[in-house]
Amino acid sequence: MFKASFLNLIDLSFNQFSGELSPEIAKLTKLNSLYLKGNRFSGEIPNSIIRCTRLNNIDFSQNSFSGDIPSDLGSLESLNSLNLSRNQLTGRIPDSLSSLKLSLLDVSNNRLSGPIPQSLQNTYNNESFLGNPELCSSSIRLFKPCGSDSPMSPKLRTILSCLLVFVTLVLVILAMLIFVRKRKRDRKSSKSDSWDVKSFRILNFTEQEVVSSIKQENLIGKGGSGNVYRLVLENGKELAVKHIWKNDGDREDNRKRSRSVTAAMLMKRSGNLPEFDAEVAALSSVQHVNVVKLYCSITSEDSSLLVYEYLPHGSLWDRLHTCDKVIGRLDWEARYEIALGAAKGLEYLHHGCNRPVIHRDVKSSNILLDEFLKPRIADFGLAKIVHGVCRDGKDSTHVIAGTHGYIAPEYAYTYKVNEKSDVYSFGVVLMELVTGKRPIEAEFGENKDIVYWVCGRMTSRESIMELVDTSIPIAIREDAVKVLRVAVLCTTRLPALRPSMRAVVQMLEDAQPCRLIAIAIDKSNSMKQFAEYKDAEYKDGKPNNNNNSNSNKLSP
Numbered sequence: 001m002f003k004a005s006f007l008n009l010i011d012l013s014f015n016q017f018s019g020e021l022s023p024e025i026a027k028l029t030k031l032n033s034l035y036l037k038g039n040r041f042s043g044e045i046p047n048s049i050i051r052c053t054r055l056n057n058i059d060f061s062q063n064s065f066s067g068d069i070p071s072d073l074g075s076l077e078s079l080n081s082l083n084l085s086r087n088q089l090t091g092r093i094p095d096s097l098s099s100l101k102l103s104l105l106d107v108s109n110n111r112l113s114g115p116i117p118q119s120l121q122n123t124y125n126n127e128s129f130l131g132n133p134e135l136c137s138s139s140i141r142l143f144k145p146c147g148s149d150s151p152m153s154p155k156l157r158t159i160l161s162c163l164l165v166f167v168t169l170v171l172v173i174l175a176m177l178i179f180v181r182k183r184k185r186d187r188k189s190s191k192s193d194s195w196d197v198k199s200f201r202i203l204n205f206t207e208q209e210v211v212s213s214i215k216q217e218n219l220i221g222k223g224g225s226g227n228v229y230r231l232v233l234e235n236g237k238e239l240a241v242k243h244i245w246k247n248d249g250d251r252e253d254n255r256k257r258s259r260s261v262t263a264a265m266l267m268k269r270s271g272n273l274p275e276f277d278a279e280v281a282a283l284s285s286v287q288h289v290n291v292v293k294l295y296c297s298i299t300s301e302d303s304s305l306l307v308y309e310y311l312p313h314g315s316l317w318d319r320l321h322t323c324d325k326v327i328g329r330l331d332w333e334a335r336y337e338i339a340l341g342a343a344k345g346l347e348y349l350h351h352g353c354n355r356p357v358i359h360r361d362v363k364s365s366n367i368l369l370d371e372f373l374k375p376r377i378a379d380f381g382l383a384k385i386v387h388g389v390c391r392d393g394k395d396s397t398h399v400i401a402g403t404h405g406y407i408a409p410e411y412a413y414t415y416k417v418n419e420k421s422d423v424y425s426f427g428v429v430l431m432e433l434v435t436g437k438r439p440i441e442a443e444f445g446e447n448k449d450i451v452y453w454v455c456g457r458m459t460s461r462e463s464i465m466e467l468v469d470t471s472i473p474i475a476i477r478e479d480a481v482k483v484l485r486v487a488v489l490c491t492t493r494l495p496a497l498r499p500s501m502r503a504v505v506q507m508l509e510d511a512q513p514c515r516l517i518a519i520a521i522d523k524s525n526s527m528k529q530f531a532e533y534k535d536a537e538y539k540d541g542k543p544n545n546n547n548n549s550n551s552n553k554l555s556p
């Protein structure tokens, strides 16, 4: 087996293998996942495992490994989950594990001792360390305080030992019952289909629960990338399941039923599985308070499902354009907080990830709200997944990505998107927040949108104030106008003149018009130059397509 240098997954879970794990495991340099759960392996974990630099998942739980946890595990930068629970490991928890960005760390039920590294206490649940009586912590009450080695009487030690044996026995029995039940469920589900689950967080549900939720009565939304279903788990927790379109038939049905102009189609699974998994794995690493959490992907030969957290309070589109009088429309304070939060979410996607994540379909219906009206960016990066990846590994750019009214003008002739395309779409969302208008309204005129309508009326203070939603009190409309000016900068026709999302966040926080304009144009240019450029772009209230020759006079 160790001669199979291209092997990327080993799963020997729940067998009767015994003995020590061979150091020759280091020969499998392309290994991605190593699952040895539920066997009888013993001895120390070989240090040579760190040569498997592509390891993403390690599960050595329910074995008899002993000795120290190799401190060099902290050098495995790609590691996503590490489960060493229910072994006989001793020594301290290495501080080097703090450098890893793990979605799962479990070293419970071993014989570890010493202090729990503070950074690990702040990141992972207490359950990750339970079952190690000799561990100590100054902040977790479940463990003894560090430095307090108070003497224990032999009688008390005996009682605690017996109690530990009893609890362990109960846990073993429960684990066996859970295992038997899960195995029966897996056998039942395997008869109907074979599912590949890629989990990015700790899951408390099975793929069969997710698959069974894909039915008409659970449908809660339709879009260009697929349908969304609501899943209620046995514990009452709710999840959102995105069923991504896979074939031409689904695409044609979606064209008839969806507002989006996205032409959604996936290539055959056999042709794009590595690329699909790579894109989804990249999206799973996105963790921000203003971005919807992605829990896992579940794929088969004819289906692709993405499981997200569920936000039952609707989208920004719902609250702005379809909200009834009982719920009430958003006041300006709420709108401003939504604008700032959504901007921070997009800023994180563009500047805070290992590689920039371009949303490709920013719109008010993709900004979901929680119970406190805090915004979460949804469907980020889905356009790239749905459009598929060409067989030569290059992105497909001949399919429209976006929604009518939000698409940047340069996309019509380049068919390419970047961060500035998202900035333009976000500017349209800001205009929705300030004006209360939809991106496309009959009052704008034939083939005209909200950007044309707003920019064509920013000629005087009085006309600008008339753009603000009438539900916003007159006393605070000046604040709304400040945000509207940010929206105008974001929707500038030339992409180079649009600010980055980082600059947009700063402008929204500062909310000072003079500073807003200074960020968008070169400091050497005056306010008059920028106003002249906007006048040339929308002369007499109409777009002027002949101003490109002057555009180079303005610095981005």
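Numbered by the UniProt record's numbering, the letters in the sequence shown go through residues 1 to 556 in order. C-beta atoms are modelled at their ideal positions from N, C-alpha and C, and glycine is treated no differently.
Item checked: Best match in ILE244, ASN110, VAL505 and VAL357 for proximity to ASN63 [C-alpha to C-alpha] -> Distances from the alpha-carbon of ASN63 to those of ILE244, ASN110, VAL505 and VAL357 put ASN110 closest.
Checklist line | Cβ pair ALA282, VAL504 closer than 9 angstroms | finding: For ALA282 and VAL504, no; Cβs fall outside 9 angstroms.
Notebook entry, point to check: Is DSSP giving ARG461 helix, strand or coil here?
Noted result: Annotated three-state conformation of ARG461 is helix, per DSSP.
Checklist line | For ASP469, the three-state DSSP class (helix, strand or coil) | finding: Of the three classes helix, strand and coil, the one that applies to ASP469 here is coil, per DSSP.
Margin query: Contact between the stretch 443 to 457 and the stretch 474 to 483 is defined here as three or more beta-carbon pairs at a separation below 8 angstroms; is this criterion met?
Written below: Taking one beta carbon from each stretch, the stretch 443 to 457 and the stretch 474 to 483 have fewer than 3 pairs nearer than 8 angstroms; the two do not touch.
Next item on the list: State buried or exposed for VAL357, treating a residue as buried only when at least 16 other CB atoms are found within 10 Å of its CB.
Entry: Its Cβ being crowded by 16 or more others within 10 Å, VAL357 is buried.
Item checked: At least 3 beta-carbon pairs within less than 8 angstroms: the stretch 411 to 418 vs the stretch 366 to 381 -> A contact is defined here as three or more CB-CB pairs under 8 angstroms, and the stretch 411 to 418 fails this definition with respect to the stretch 366 to 381.
Check: Among residues of its own chain, excluding the 5 on either side of ASN550, which ones have a beta-carbon nearer than 6 angstroms to its beta-carbon?
Finding: Low confidence applies here, because ASN550 scores a pLDDT of 36, under 50, leaving its location unreliable and the question unanswered by this model.
Next item on the list: Starting from the C-beta of PRO145, find all residues in its chain whose C-beta is less than 8 angstroms away, skip the five residues before and the five after it, and write them out in chain order.
Entry: Cβ neighbours of PRO145 beyond the five flanking positions: CYS136, SER137 and SER138.
Check: Going by DSSP, what residues sit across from ARG230 in a beta bridge?
Finding: DSSP output for ARG230 lists ALA240 as bridge partner(s).
Item checked: Minimum length 4: unbroken alpha helix (DSSP H) runs contained in the stretch 306 to 351 -> Every alpha helix (DSSP H) stretch that sits fully inside the stretch 306 to 351 and reaches 4 residues is listed by chain position as 332 to 347.
Check: Starting from GLY427 and walking both ways along the alpha helix (DSSP H), at which residues does that stretch end?
Finding: Where GLY427 is concerned, the enclosing alpha helix (DSSP H) stretches over 419 to 435.
Notebook entry, point to check: What's the gap between the Cα of LEU112 and the Cα of GLY91?
Noted result: It is roughly 5 angstroms from the alpha-carbon of LEU112 to the alpha-carbon of GLY91.
Item checked: The beta strand (DSSP E) enclosing ILE474, as first and last residue numbers -> Element bounds for ILE474: n/a, residue is neither H nor E.
Note to self: Between which residues of its own chain and ARG51 is the CB-CB distance below 6 angstroms, once the five residues before and five after are set aside?
What the structure shows: Only ALA26 meet the Cβ criterion.
Notebook entry, point to check: When the Cβ atoms of the stretch 237 to 244 are set against those of the stretch 295 to 308, are three or more pairs found closer than 8 angstroms?
Noted result: With a cut-off of 8 angstroms on Cβ pairs, the stretch 237 to 244 is in contact with the stretch 295 to 308, counting three or more such pairs.
Item checked: Beta-bridge pairing of GLY221 - partner residues as DSSP gives them -> GLY221 pairs with VAL228.
Notebook entry, point to check: How big is the Cα-Cα spacing for ASN8 and GLU24?
Noted result: Straight-line Cα distance between these residues: approximately 15 angstroms.
Check: Helix or strand or just coil, what does DSSP make of SER61?
Finding: SER61: coil per DSSP, three-state reduction.
Item checked: Pairwise C-alpha distance: SER18 and PHE65 -> C-alpha separation (whole angstroms): 10 angstroms.
Check: What is the rounded straight-line gap between the Cα of THR492 and the Cα of TYR411?
Finding: Approximately 14 angstroms between the Cα atoms of the pair.
Checklist line | Boundaries (first-last residue) of the alpha helix (DSSP H) holding ARG502 | finding: From DSSP, the alpha helix (DSSP H) with ARG502 extends over 501 to 510.
Check: Based on the DSSP secondary-structure assignment, which residues constitute the bridge partners of GLU134?
Finding: DSSP links GLU134 through a beta bridge to SER113.
Note to self: Going residue by residue through the stretch 22 to 99, where are the continuous beta strand (DSSP E) segments of at least 3 residues, counting only ones entirely within it?
What the structure shows: Within the stretch 22 to 99, the complete beta strand (DSSP E) runs of at least 3 residues are 33 to 35, 40 to 44, 57 to 59, 64 to 67, 81 to 83 and 88 to 91.
Notebook entry, point to check: Looking at C-alpha atoms only, which residue of ASN126, ARG329, TYR406 and GLY341 is the closest neighbour of LYS448?
Noted result: Taking only the C-alpha atoms, the option nearest LYS448 is TYR406.
Note to self: Can you list, in chain order, the residues of its chain with a C-beta nearer than 7 angstroms to that of ARG185? Leave out the 5 residues immediately preceding and following it.
What the structure shows: Closer than 7 angstroms at the Cβ level, and outside the excluded window around ARG185, lie THR206 and GLN208.
Next item on the list: With a cut-off of 8 angstroms on the beta carbons, I'd call LEU79 and PRO94 a contact; round off their distance for me.
Entry: Distance from LEU79 to PRO94 at the Cβ level is roughly 13 angstroms; contact not present, criterion being Cβ atoms closer than 8 angstroms.
Next item on the list: Could you tell me the distance, in whole angstroms, from the CA atom of LEU316 to the CA atom of THR123?
Entry: Each residue's Cα considered, the two are about 31 angstroms apart.
Check: Do the CB positions of LEU330 and ILE338 come within less than 9 angstroms of each other?
Finding: Yes, they are a contact pair.
Check: Can you tell which of ALA175, PHE6, GLY436 and SER81 has the C-alpha that lies nearest to the C-alpha of TRP332?
Finding: Nearest option by C-alpha distance: GLY436.
Check: With VAL468 and VAL486 assumed to form a contact (beta carbons below 8 angstroms), what rounded beta-carbon distance in angstroms separates them?
Finding: 14 angstroms between Cβ atoms; not a contact.
Notebook entry, point to check: Applying the criterion that 16 or more other CB atoms from any shown protein chain within 10 Å of the CB defines a buried residue, is ASN235 buried or exposed?
Noted result: ASN235 comes out exposed.
Next item on the list: Give a yes or no on whether the C-beta atoms belonging to LEU369 and TYR295 are separated by under 9 angstroms.
Entry: No, the pair does not count as a contact, with Cβ atoms beyond the cut-off.
Check: For the candidate residues PHE41, LEU76, GLU217 and ASP68, whose alpha-carbon lies nearest to that of LYS30?
Finding: Taking only the C-alpha atoms, the option nearest LYS30 is LEU76.
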